[in-house]
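Student: Chains as they are written, first to last, in this note's numbering: chain A, 1 to 375; chain B, 1 to 622.
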Amino acid sequence: MRLFDNLNINFLGKRKIAYIVSSLFIILSIISFIIRGFEYGIDFKGGLEIAFDFEKPIKISELRELSKKWEVGKIELKTFGGETGVLLRTDELSLSQKSASLLKEKILSYIKDIPFEPIDTTFSTLIISFSNVSDTRLATEILTSKGFQVTNYFEDETEKTISVRIGIAEWIKEQLMEQVPDNKFTVLKEEMVGPKIGEELKRDAFFAILFSLIVILVYLGFRFKFIFAIGAVVALFHDVIITLGLFSLFYGVFPGLNLEINLTVIAAFLTLVGYSINDTVVVFDRIREYLKIHKTLAPEIVMNNAINRTMNRTILTSLTTLITVIILLIFGGEVLRTFAFTLFFGILIGTYSSIFIASALALDYAKKNKKSLMF
Amino acid sequence: MKQYRFRIVISILLILFFVYLLYPTFRDYLYTKQFSEELKKYELELKEANPEISASELKLKLKLKEDSLKTDENYKRNRTKRLKLGLDLQGGMYVVMEVNVLKLLEKLANKPDAFLREALEHTAKITSENDVDAVNVLVKYFQDKGVRLSKYYGSIRETDEEIASRLKKQTEDAVTRAMEIIRNRVDKYGVSEPSIQKQGSRRIVVELPGIAKEEEAKQLLQGSALLEFKIVKDADVSIPIMNRIDEILANRDPQDTTKLYENASEEEIKKRHPFFSVARIASLQDPRGLTYVREDQRDILLNYLKRPEVQNVIPNNLEFLLSAKPEFYQDGYGFYGLYLVNKEPELTGGVIVDAQANIDPQTSSPIVTMQMNSEGAREWARITGSNIEKRCAIVLDGVVYSAPTIKAKIPTGNSQITGMKDLDEAKLLQIVLKAGALPAPVDIIEERTVGPSLGQDSISKGATSLILGFLLVALFISIYYQKAGIISASTLIITVLFIIAILAGFQGTLTMPGIAGIILTIGMAVDANILIFERIREELKTGKSVKTAIESGYLNSYSAIFDSNITTFFTGIILYQFGSGPIQGFALTLMIGIIASLFSALVITRVILSLSVEKTNKISIG
């Protein structure tokens, strides 16, 4: 079986059209970066994220209605996995005064049978003192069983004082237990990322992608010629920007498709950079080979030949990789969906750019600067 | 055939090696299955025997049973060599903590005033943006404002450099101490295979696999450490108690007066004296009754001590404690000290003002000196006075770091501890002793918890995707390249085996993105084959014989394969550097996958392909 036998298309002759199409997409992407920006995940934005799994299916709209009573800043709710899963996110890391005092009352009511003395409350902890150690232990047990985080207060060595965390997670869990008492839930995962970490990660991610592009530029410059390396890396930029453009344009548009930028997505982008360069390298390798054999032919013709001859391989490899990516998209679950999405479109765009853009850029760059393509 | 013999042998040996690397994983799987069945059976038995059993008692009994099952030697050996699953697959907790160095700097200052607070605020701002050394930032602020450090720290005679380097040392110690405390607690909590690592200058990354109760874990990590001094009981008290425990564990009648060590086989001793077969008394003549536990039997001992019937015979005012680290090594095993101590501490660590590890110039052996405040010194004089020639255990969070013998009454609180193996051990003790004096609080700045059900779900999704991905890609290339395609599809299995075996063999961790990496590798692995096959087809078209076509097909594809794979490998390395946990798992599988697929395509497929055309001189490549 053969896909493209004796293919002979003048790809480079159509490079103006390719430039226009690509420029349009890039401009559109950049406009969207400026106007819409991105939806960052908790990894970069910081905040609190809790995934619940309820016993029975639960409607997000219903929960959204209930969440208005929680009085916790901005709460985002999404489905997580199936219809019993809910992903909750908020940017705030501490409770409002009012909710905090309500939660405090709640905590104190749980231990009302034990004599205690409230010592102090700060914005995130409640400090309670007891008259003896066994009372402390009893109270600790009760509160821990209710899902609270209880610690022995550290400056007290007699074990008579405890501190109870009154954070957003506790508050929300408490509210949910009350509002939907007939639908019990378990917490699938809970993530808290401080704002500091988010900023650092954003910077690291940016440099990781930039650094990998530079490494590829240097390596290809060394293995081929600098002209080719430039063509390949600009094509890579093209792939990354347009794929990022999709993230910017379509986040929040399709329900069920979560297009937020998180660590896994960055991993997908780096993989894309590493993978997408493959097609380009294979084409360049063939150009190098043909340029050595046909020294007198015009570079356009040599390049066209190389692209046509490697077309089978380019399409086939992209196809097999796309097969696996599609499977991840369908069966990989919530965790890998965005990862697979990035690679799916990234590979499509990358295949396109290695056929239409990379060689064309090398050619035009050489023409403009009057440099020879010959090895 | 002959020319390929070497390659065939190498390939077969490698495949056998992979199977060998994966064998412990397989055994571990069987063990885990067996244990969970046994536990279920035991739970039913318990419920049958006592239908009224309370949930907490049931849980405790099950936990004890599970622990005793898990002390099996074979199980442990396989367990350490199995393929480890990341937190995202088996559930667990990932916490990044930051030692609050600023609090420490504030505490260290002689008389904090508005200027110092301003300086610390400035430092807080800078250090929150970058992971730079807080002391450097503070010192620079002082210099910019023309204020000498000695105004707040150290004494007037010291130069800024001296003070700065001491402050640096103290903040570093605080981080080391926090790590030590956390490691200590996590060990005691019994988390299997925890990972505690330092990141940057003041961050600690803790991974606790399989933790279900996050509140408990957080409490474990954040509460401040408790340093206590406890008097150790000598042989006259400890041996009778241990004897009683031994009797209970062996179900022996107290009237049975069989001697401890008579000429019996090791198995028999183990059966008759379960406790003494793990808690080894160094010498019955030594009045101190030094007792040790071999490191691999530590869990068994802890399990014994937790049993309610054993708890009953230990007097209420006493408790058994273990040393923090092995106290000596013999026959390749570390030995932990076992101490019977007073439950009520004589003194707690808050009274310690300073501690210093040094080399004694006279004896040139390491010593630790410690100073106490006046209140502590008074108590200390009384304690040391009435316990001469007894040992005093230095206990941090319930683990013994050292148990020096009290030689004389110490009236001033200035004490010297000797007998450390080396300066490192002395330094550790110094850090421990300061735990009470300088508690630097740790803040949790990142925390991720994955419940076990989500992990299970991810595993099954990953497995489905892996199998489906493999089948579809194999089908596709088998149709497209016919026989040659079938060959390369079957080497795909070897590629996957390669990745998983190397991960297991080199203590890598399989994460969900890692599984995605393997699936992706399946798609990309055929790339090398496609390149070669397409090239062979082209060569055949130019009229070359099958053998030469294969030969030059391979030869002409090398540079493209090499260049394209090495760039992917580079991004894999960068990704590994950048990411943490799950992402690193992905980068790792991606990199191993590249090597594996190249090996499959360039060596194995080639040998099979060449062999298959050897006789017929025909190739079936679609």
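No residue lacks a Cβ here, since even glycine has one placed at the ideal position from N, Cα and C.
Quick caveat, the model's predicted, so the values are computed rather than measured.
Report all residues from its chain with a CB closer than 8 Å to the CB of Q199 of chain B; omit the five preceding and five following residues, and keep chain order.
Tutor: V96, V205
Student: Does the structure place the segment 193 to 205 of chain A close enough to the segment 445 to 461 of chain B that three or more beta carbon pairs sit under 8 Å?
Tutor: yes
Student: Can A596 of chain B and I561 of chain B be called in contact, C-beta distance under 9 Å?
Tutor: Remark: C-beta atoms of A596 of chain B and I561 of chain B do not approach each other more closely than 9 Å.
Student: Chain B beta carbons: is any one of them nearer than 9 Å to that of S134 of chain A?
Tutor: Not closer than 9 Å to any Cβ of chain B, the Cβ of S134 of chain A fails to qualify, so no.
Student: With a threshold of 6 Å on Cβ separation, who are the neighbours of L87 of chain A within its own chain once the five nearest residues in sequence on each side are excluded?
Tutor: A51, K78, F80
Student: List the residues of chain B that A358 of chain A touches, going by C-beta distances under 7 Å, in chain order.
Tutor: Simply none; closest approach about 13 Å.
Student: In the DSSP output, what is T348 of chain B paired with across the bridge?
Tutor: Partner(s): B:E228.
Student: Who are N358 of chain B's beta bridge partners in DSSP?
Tutor: B:I367
Student: Does the CB of Y480 of chain B have a neighbour CB from chain A at under 9 Å?
Tutor: Closer than 9 Å to some Cβ of chain A, the Cβ of Y480 of chain B qualifies, so yes.
Student: Determine which residues of the segment 183 to 196 of chain A have a Cβ less than 8 Å from any Cβ of chain C, and write them out in chain order.
Tutor: Annotation note: the requested chain C is absent from the structure, which comprises protein chains A and B.
Student: Following the continuous beta strand (DSSP E) through G82 of chain A, name the residue where it begins and the one where it ends.
Tutor: 82 to 90
Student: Would you verify that the beta carbon of D397 of chain B is, or is not, closer than 9 Å to some beta carbon of chain A?
Tutor: no
Student: To which residues of the same chain is G585 of chain B closer than 7 Å at the C-beta, ignoring the five residues directly before and after it?
Tutor: G86, T509, L510, T511, P513, G514
Student: Note down the Cα distance separating S353 of chain A from S192 of chain B, rounded to an integer number of angstroms.
Tutor: 49 Å
Student: Should Q311 of chain B be labelled buried (16 or more other beta-carbon atoms within 10 Å of its own) or exposed?
Tutor: The residue is exposed, with fewer than 16 neighbouring Cβ atoms inside 10 Å.
Student: Output yes if chain A places a C-beta closer than 9 Å to the C-beta of R185 of chain B; else output no.
Tutor: no
Student: Using 9 Å as the threshold, is the C-beta distance between A124 of chain B and L116 of chain B below it?
Tutor: no
Student: My guess is that G377 of chain A and L236 of chain A are in contact by the Cβ rule of under 8 Å, so how many angstroms apart are they, rounded?
Tutor: Any property of residue 377 of chain A remains undetermined from this structure, which presents chain A solely from 1 to 375.
Student: Going straight from the alpha carbon of L108 of chain A to that of L143 of chain A, what length do you get?
Tutor: 10 Å
Student: On the criterion of 16 or more Cβ atoms from any shown chain inside 10 Å, does T297 of chain A qualify as buried, or is it exposed?
Tutor: Checking the sequence shown, residue 297 of chain A turns out to be Leu, not Thr. Exposed, because fewer than 16 other Cβ atoms sit within 10 Å of the Cβ of L297 of chain A.
Student: Would I42 of chain A and E49 of chain A qualify as a contact pair, given that the criterion is a beta-carbon distance under 9 Å?
Tutor: Contact flag set, yes.
Student: Using CA coordinates, which residue listed in B:V450, B:A174, B:K140 is at the minimum distance from E665 of chain B?
Tutor: Since the displayed chain B opens at 1 and closes at 622, residue 665 of chain B lies outside it and no answer follows.
Student: Quick one: what's got a C-beta closer than 7 Å to R183 of chain B's C-beta in the same chain, skipping five residues either side?
Tutor: I196
Student: Is N312 of chain B close to chain A? Criterion is C-beta to C-beta, closer than 9 Å.
Tutor: no
Student: Please return the same chain residues whose Cβ sits closer than 8 Å to the Cβ of N303 of chain B, not counting the five positions on each side in sequence.
Tutor: L64, D67, S68, T71
Student: Out of curiosity, what's the CA-to-CA distance linking S238 of chain B and E268 of chain B?
Tutor: 24 Å
Student: Helix or strand or just coil, what does DSSP make of R166 of chain B?
Tutor: helix
Student: Based on the DSSP output, what are the partners of R341 of chain B in its beta bridges?
Tutor: Just to set this straight, residue 341 of chain B is Val in the shown sequence, not Arg. Note: V341 of chain B sits in a beta bridge opposite B:V232, B:E319.
Student: Residues of chain A with CB closer than 8 Å to the CB of I574 of chain B, please, in chain order.
Tutor: A208, F211, S212, V215, L270
Student: Going along chain A in order, which residues have a C-beta closer than 7 Å to the C-beta of S68 of chain B?
Tutor: Chain-order list of chain A residues neighbouring S68 of chain B: empty, with the shortest C-beta distance near 26 Å, by a criterion of under 7 Å.
Student: Please say whether I388 of chain B and I417 of chain B have beta carbons closer to each other than 9 Å?
Tutor: no
Student: Of the residues that make up the segment 311 to 326 of chain A, which ones have a beta carbon closer than 8 Å to any beta carbon in chain B?
Tutor: N312, R313, L316, T317, L319, T320, T321, L322, I323, T324, V325
Student: Just checking: is the beta-carbon of I307 of chain A within a distance shorter than 9 Å of some beta-carbon in chain B?
Tutor: Closer than 9 Å: no.
Student: Along chain B, which residues have their Cβ under 7 Å away from the Cβ of V273 of chain A?
Tutor: T571
Student: Would you call I172 of chain A buried or exposed, if buried means 16 or more other Cβ atoms sit within 10 Å of its Cβ?
Tutor: buried
Student: Looking at C-alpha atoms only, which residue of A:P299, A:F356, A:L361, A:I355 is the closest neighbour of I227 of chain A?
Tutor: Out of A:P299, A:F356, A:L361, A:I355, A:L361 has the C-alpha closest to the C-alpha of I227 of chain A.
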